[in-house]
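First residue of the sequence shown? That's 8 in our numbering, and the numbers climb one at a time after it. C-beta atoms are modelled at their ideal positions from N, C-alpha and C, and glycine is treated no differently. Reviewing the structure listed below.
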Amino acid sequence: MIRIAALTNRTLRELPEMQYQFEEPFIVDSSKIGNALGARATPVEKALADTLATYRSASNFWPAAAAPGG
Numbered sequence: 008m009i010r011i012a013a014l015t016n017r018t019l020r021e022l023p024e025m026q027y028q029f030e031e032p033f034i035v036d037s038s039k040i041g042n043a044l045g046a047r048a049t050p051v052e053k054a055l056a057d058t059l060a061t062y063r064s065a066s067n068f069w070p071a072a073a074a075p076g077g
């Protein structure tokens, strides 16, 4: 099915080649950089809260929506 849709869509054309990446979970080990440089991951909750706060404080980040019928 994807191969048929890929005939007309460039993004879908690459999907079969990259599909192996979704067959197993990613395992990330940051112990080497953590031990060498003291780097630690930011908890997801804090990263999300900080990101939302940044978006909310940047009033020009999201362009105003056009008025309907305008």
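Item to complete: Give the straight-line distance between the Cα atoms of Arg-10 and Asn-16, rounded to the nearest whole angstrom.
Response: 10 Å
Item to complete: Give the range of the alpha helix (DSSP H) segment to which Gly-45 is assigned.
Response: That residue, Gly-45, is in no alpha helix (DSSP H); it is neither H nor E in DSSP.
Fill in: Inter-residue Cα distance where the pair is Gln-28 and Arg-63
34 Å
Worksheet item: Going by other Cβ atoms of all chains shown within 10 Å of its Cβ, with 16 needed for buried, is Gly-77 buried or exposed?
Response: For Gly-77, the predicted model reports a pLDDT of 49, less than 50, meaning its position is unreliable and no value from the coordinates is stated.
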